[in-house]
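Here's the structure, in structure tokens; my notes come after.
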Amino acid sequence: MEVQRCAACSLNSLERDCALLVVDVQNDFADKRGALYVTDGEQVVPLANRLRRLFQTVVFTKDWHPRKHISFASSHPGKRPFEQVEVSDNSIEKRVLWPDHCVQNTWGAELHSDLVVDKDRDIIFEKGTTVDRDSYSAFRDETGTETGLRHILDTLGIKRVFICGLAYDYCVGLTALDAIAIGFDVLLVENATKAITIDGFKCMRQKLLQNGVRLVHFEQSQQAFFESISKEDNL
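Here it is, written out as structure tokens:
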């Protein structure tokens, strides 16, 4: 079965070796005023807030780009947002150019104001911080260089990650693929994420399933959530 139905409320927390990764739920993606608003992106926020109650380890990732970042169309004279350009260093085949977004120390780069964040306990992890390379995944940049997130999770004894956030067809999906590639057990909470395009969603979903990422849905009963995971573990 492709999608496991699961749910959560507030009785017990997941085991200590589990972490929740909330990917890039920032104003530029999750607010209608944002530079790169993902349709219905704000709907991820209440689900992320409910999910986080189950975890002792919660990581919020943020795109945190310097001005004139290489992914910005404005950094490439004559190019427009959403065009693709060839990459000369062979790290990737082509690079999608975006509107300026999640620029360091701007409103657009901040986490959505309705997200529940414990600044004393939660981990805020910034990515895409250098001007000359992008990092959709929270684990690796576009050259394959690790970002340091794996080391943080390994130090905490994390073996299994649950992933939600924005956007399904880019940062969420690629974070999940890298997580499973480097050895984590990965569950992507499908109804707590949104995609930029339908075609992108379909393509990424196929890749996730082919690579062993488990797709789960977050609903109402925490007991059902735990039971669905336990049942899958015993298969």
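With UniProt numbering, the residue at position 169 of the sequence shown is 169, and numbering never jumps.
From the three backbone atoms N, C-alpha and C, an ideal C-beta is built for every residue, glycine too.
Using DSSP bridges, identify the partner residues of residue i.
i	result
Glu15	Glu15 pairs with nothing; no bridge assigned.
Glu110	Glu110 pairs with nothing; no bridge assigned.
residue 242	Outside the shown range of the chain (1 to 235) lies residue 242, about which nothing can therefore be said.
Ile123	Val59
Lys94	Glu86
Gln26	Leu111
Thr193	Gly165
Val116	Its beta-bridge partners do not exist; DSSP assigns none.
Glu146	Arg140
Val103	His65
Leu21	Val59 and Ile163
Phe72	Trp98
Can you check whether the CB of residue j is closer than 8 angstroms to the CB of residue i?
i	j	result
Thr193	Ser137	no
Val131	His69	yes
Phe125	Ala179	no
Cys97	Glu83	Sequence inspection shows Leu at residue 97; the Cys mentioned does not correspond to that position. Yes. Within cutoff.
Ala109	Asp28	yes
Val44	Leu149	no
Thr147	Asp141	yes
Val25	His101	no
Trp64	Thr129	yes
Phe60	Asp122	yes
Gly157	Lys207	no
Do residue i and the ligand PLP come close, with the Cβ less than 7 angstroms from some heavy atom?
i	result
Thr193	Among the ligands in the structure shown, none appear at all, so the ligand PLP cannot be discussed.
Here's the rule I'm using: 16 or more other beta-carbon atoms within 10 Å means buried, otherwise exposed. How should residue i be labelled?
i	result
Leu14	buried
Ser135	buried
Asp114	exposed
Lys62	buried
Thr57	buried
Arg214	buried
Leu209	exposed
Val103	buried
Arg16	exposed
Arg205	buried
For the putative contact between residue i and residue j, defined by C-beta atoms under 8 angstroms, what is the C-beta separation to the nearest angstrom?
i	j	result
Cys18	Phe162	7 angstroms
Asp169	Ile196	6 angstroms
Leu47	Asn191	7 angstroms
Ser71	Arg33	That pair is no contact at about 20 angstroms.
Cys171	Val22	The pair is not a contact, with the Cβ atoms about 11 angstroms apart (cut-off 8 angstroms).
Ala35	Pro99	5 angstroms
Arg67	Ala73	Their Cβ separation, rounded to whole angstroms, is 14 angstroms, which puts Arg67 and Ala73 out of contact at 8 angstroms.
>> With three or more C-beta pairs closer than 8 angstroms as the rule, is the region 28-45 touching the region 181-188?
In response: no
> So, do the region 201-208 and the region 42-54 have three or more beta carbon pairs nearer to each other than 8 angstroms?
Replying inline: no
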